[in-house]
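Chemist: Questions regarding the structure given below will be posed in turn.
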Amino acid sequence: MAEKKFTKEHEWIEKSDQIIIVGITEFAQDQLGDIVSIELPQVSSSFKQNDVMVIIDSVKASSDIYCPVDGEIIEINEKLLEHPELINQSPYEEGWIVKIKPSNPEQIDSLLSKEQYDELVGQNKE
Amino acid sequence: MRSPFFKNHLESNAKMVDFHGWEMPLQYSGIIDEHKNVRESVGLFDVSHMGRFKIKGEAESQIQHLITNDISKIGDKQVIYSPMCNEDGGIVDDVIVNKINSNEFVVIVNSSNIKKDLDWITENAKSCEIQNVTDDYALLALQGPKAENVLKDAGVEQIENLKSFHLLETKLYDVDCIISRTGYTGEDGFELFFDSKQVQVWEKLLETGTKYGIKPIGLGARDTLRLEAGLMLYGNDIDETITPLEAPLKWTVKFETEFIGKAALEQKKVEKKMRGFEIIEAQRVARKDNKIYDEEKEIGIVTSGSFSPTLGKPIGYCFVPVEYPLEREIKLDIGSKFYDSRLTSTRFYKR
């Protein structure tokens, strides 16, 4: 399993071949609480880094999910449409959100490492 | 500020939240799980952030003047819900008045309004003795179809004979307690008012309720429960710019009595009305201040919106012009996208 990278907005990505898998972190799902719906992008639509690509509604809040790097959506996790709670139950596995083909793969290098992200989350908890 | 049960919440791993200056539990096991527990069996809420005033003396006529509802319709050991209005008919607060007898009342007010209400009541009920006892008394709510069983097992006599909106001065685990059959969930249930030093009552209720699957319930589920039941949240749905006739509180306005704001309410034409709404097809959740459109025209605003765990879909309340009837289709603007929606009653759930 490839090493994960993270964004300040609490998305995780995992690189595998020419694509990346994107989801939200354990910290993010815990903060959101019970997730009740998700709006997913169209397959083959393109986003720039930091564009809003997904909207998640939990009982208590709505949350924008940002595109971590420039790229094209090549697959969405359609299971989430029926079972958005998979993000709560398994944010890093079954609760993955989209797969993206990056158009500027070097952007991945500047995302946060696990250590950097953990430090960020540690500060948020204060 | 902290409730007497602050430590209990931390021990139960509650996620805490600031609520009008109070550190209160938002959730324990999760909002949906807690919500269903109350609908299906029983839940225990710490509502010690609500303001509590004791009003003594020649109080009844003064309270009548403060509230829009008719206090003469209740006897000793009964409870009434009512808005208090200002001279313009705007809602100063919505309160629960517990009548111990005609010379002693306990009034429960919203936490966000404690200081304002104390000033307002003191100014408008001059001959009464008004005491803010918020810190001296704890307030818990025990809600759900099994709530009566829990109190029965706790040894409260006659609890099965206590009618809705009546109260009992009794003992609960040897603690002097006022128990009223009231709540904010749309379920059968009770509110418990006792000395704030008797913090063991929280643990004991959870212990007694174990066999009914009792759970502690946070403010998150309190909000979704009251939203399904058509109950108003002060500061969201109603405030001093809203009259009880615009809100679904006409039933609490008794024009045959004399009260502050009566003249304004008699004269003012009602132009907007609160309705419920449901979003058709899409599962997006509308939130407070989302706008409502009829085709291109902006016609109203969302006051409360959330997900209904009982119905499994997003619901909420909004204000729209009075001529828009129930079942009328409208559009909701959520994050600059329009969603087909439908106006409904504010009562989404009836037990």
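Chains as they are written, first to last, in my numbering: chain A, 1 to 126; chain B, 1 to 351.
All C-beta atoms in this analysis are idealised placements derived from N, C-alpha and C, irrespective of residue type, glycine included.
Since we're looking at a predicted model, the values are computed, not measured.
What number of angstroms, rounded off, separates the C-alpha of B:I108 from the C-alpha of A:V59?
Modeler: Taking the first residue of the second sequence as position 1, residue 108 of chain B is located at position 108. Taking the first residue of the first sequence as position 1, residue 59 of chain A is located at position 59. Each residue's Cα considered, the two are about 27 angstroms apart.
Chemist: Rounded to whole angstroms, what's the CA-CA distance from B:K99 to A:L120? Just pull it up for me.
Modeler: Working through the second sequence from its first residue, we reach residue 99 of chain B at position 99. Working through the first sequence from its first residue, we reach residue 120 of chain A at position 120. For B:K99 and A:L120, the distance between alpha carbons rounds to 53 angstroms.
Chemist: Counting only the same chain and skipping the five closest in sequence on each side, list residues whose C-beta sits under 7 angstroms from that of B:S29.
Modeler: Position 29 of the second sequence, counted from the first residue, corresponds to residue 29 of chain B. K215.
Chemist: Just the chain B side, please: which residues come within less than 9 angstroms of A:G33 by C-beta, in chain order?
Modeler: On the first sequence, residue 33 of chain A is found 33 positions in, with the first residue counted as 1. By Cβ distance, chain B contributes K15, L26, Q27, G30, I31, I32, G220.
Chemist: Which chain D residues sit within Cβ distance under 8 angstroms of B:T224?
Modeler: In the structure shown, chain D does not exist; the protein chains are A and B.
Chemist: Can you tell me the Cα-Cα spacing of A:I13 and B:E207, whole angstroms?
Modeler: Taking the first residue of the first sequence as position 1, residue 13 of chain A is located at position 13. Taking the first residue of the second sequence as position 1, residue 207 of chain B is located at position 207. The straight-line gap from Cα to Cα measures roughly 45 angstroms.
Chemist: For B:G305, which three-state DSSP category applies?
Modeler: Indexing the second sequence from 1 puts residue 305 of chain B at position 305. Note: B:G305 maps to strand in three-state DSSP.
Chemist: With B:L139 as the anchor, note down where its beta strand (DSSP E) starts and where it stops.
Modeler: Taking the second sequence and counting its residues from 1, the one referred to as residue 139 of chain B is at position 139. Unbroken beta strand (DSSP E) run through B:L139: 137–143.
Chemist: So with CB distances below 7 angstroms, who are the chain A contacts of B:G186?
Modeler: By 1-based counting over the second sequence, the position of residue 186 of chain B is 186. Result: empty, since nearest Cβ-Cβ is about 17 angstroms, beyond 7 angstroms.
Chemist: Measure the alpha-carbon distance for B:T303 versus A:D64 and round it to whole angstroms.
Modeler: On the second sequence, residue 303 of chain B is found 303 positions in, with the first residue counted as 1. On the first sequence, residue 64 of chain A is found 64 positions in, with the first residue counted as 1. Between B:T303 and A:D64, the C-alpha separation is close to 21 angstroms.
Chemist: Just by C-beta distance, which residues in the stretch 282–316 of chain B are closer than 7 angstroms to chain A?
Modeler: Q283, R284, V285, R287, S306, F307
Chemist: Taking the alpha helix (DSSP H) that B:K116 belongs to, which residues open and close that run?
Modeler: By 1-based counting over the second sequence, the position of residue 116 of chain B is 116. From DSSP, the alpha helix (DSSP H) with B:K116 extends over 114–124.
Chemist: Buried or exposed: A:E126, going by 16 or more other Cβ atoms within 10 Å of its Cβ?
Modeler: Walking along the first sequence from the start, residue 126 of chain A turns up at place 126. In this predicted model, A:E126 has a pLDDT of only 42, less than 50, meaning its place in the structure is not dependable; the value taken from the coordinates is given anyway. Exposed.
Chemist: Based on the DSSP secondary-structure assignment, which residues constitute the bridge partners of B:E191?
Modeler: Here the question's residue 191 of chain B lines up with position 191 in the second sequence. Answer is B:A141, B:S180.
Chemist: Determine the contact status of B:V42 and B:A154, defining contact as a CB-CB distance below 7 angstroms.
Modeler: For the purposes of this step, residue 42 of chain B is taken as the residue at position 42 of the second sequence. For the purposes of this step, residue 154 of chain B is taken as the residue at position 154 of the second sequence. Their beta carbons are not under 7 angstroms apart, which means B:V42 does not touch B:A154 by this criterion.
Chemist: Do the stretch 157–175 of chain B and the stretch 110–125 of chain B meet, that is, are 3 or more Cβ pairs less than 8 angstroms apart?
Modeler: no
Chemist: How many Å lie between B:I279 and B:N86 at the Cα?
Modeler: Stepping through the second sequence from its first residue, residue 279 of chain B is reached at position 279. Stepping through the second sequence from its first residue, residue 86 of chain B is reached at position 86. Approximately 35 angstroms, taken between the alpha carbons.
Chemist: Is there a Cβ from chain B that is less than 7 angstroms from the Cβ of A:V98?
Modeler: The count along the first sequence starts at 1 and reaches residue 98 of chain A at position 98. Chain B, which has no Cβ nearer than 7 angstroms to the Cβ of A:V98, makes this no.
Chemist: Which residues in chain B have a C-beta closer than 9 angstroms to the C-beta of A:I21? List them in chain order.
Modeler: What you label residue 21 of chain A is simply residue 21 of the first sequence in a count that begins at 1. Here the premise fails: no neighbours, minimum Cβ distance about 24 angstroms.
Chemist: Taking 7 angstroms as the CB-CB cut-off, is A:S37 touching chain B?
Modeler: Position 37 of the first sequence, counting from 1, holds the residue named residue 37 of chain A. Answer yes: the Cβ-Cβ gap between A:S37 and chain B drops below 7 angstroms somewhere.
Chemist: Who are A:D57's beta bridge partners in DSSP?
Modeler: Position 57 of the first sequence, counted from the start, is the residue given in the question as residue 57 of chain A. A:S37, A:S62.
Chemist: If you follow the beta strand (DSSP E) that B:R351 is part of, which residue opens it and which one closes it?
Modeler: Looking up residue 351 of chain B in the second sequence gives position 351. It is not in any beta strand (DSSP E) - B:R351 carries neither H nor E in the DSSP assignment.
Chemist: Give the interface partners of A:I55 over in chain B, defined as CB-CB distance under 7 angstroms, in chain order.
Modeler: By one-based count along the first sequence, residue 55 of chain A stands at place 55. The contacting residues are G335.
Chemist: Three-state secondary structure (DSSP) at B:D76?
Modeler: The residue labelled residue 76 of chain B in the question sits at position 76 within the second sequence. Note: B:D76 maps to coil in three-state DSSP.
Chemist: Run through the DSSP bridge pairs and tell me what B:Q131 is partnered with.
Modeler: Within the second sequence, the letter at position 131 stands for residue 131 of chain B. DSSP, once it has assigned bridges, lists B:K54 as partnering B:Q131.
Chemist: Give me, in chain order, the residues of the same chain whose beta-carbon lies closer than 7 angstroms to that of B:A264; leave out the 5 immediate sequence neighbours on both sides.
Modeler: The residue given as residue 264 of chain B occupies position 264 in the second sequence. So the list reads E87, D88, G89, once near-sequence residues are dropped.
Chemist: Report yes if the C-beta distance between B:K268 and B:E246 is below 7 angstroms; otherwise report no.
Modeler: Mapped onto the second sequence, residue 268 of chain B falls at position 268. Mapped onto the second sequence, residue 246 of chain B falls at position 246. No, they are not a contact pair.
Chemist: Would you call the CB atoms of B:K56 and B:E129 closer than 7 angstroms?
Modeler: Counting from one through the second sequence, the residue named residue 56 of chain B turns up at place 56. Counting from one through the second sequence, the residue named residue 129 of chain B turns up at place 129. It is a contact, given that the beta carbons lie within the stated cut-off.
Chemist: Can you confirm whether the stretch 89–103 of chain A touches the stretch 13–33 of chain A when touching is taken to mean that 3 or more C-beta pairs between the two stretches lie within less than 8 angstroms?
Modeler: yes
Chemist: Output needed for A:P84: all residues of its chain with C-beta closer than 7 angstroms, excluding positions within five of it in sequence on either side, in chain order.
Modeler: Counting from one through the first sequence, the residue named residue 84 of chain A turns up at place 84. Closer than 7 angstroms at Cβ, skipping near neighbours: I35, V36, S37, I38.
Chemist: Among B:P325, B:G335, B:Q143, B:R351, which residue has its Cα nearest to the Cα of B:S345?
Modeler: Position 345 of the second sequence, counted from the first residue, corresponds to residue 345 of chain B. With distances taken between Cα atoms, B:S345 lies closest to B:P325.
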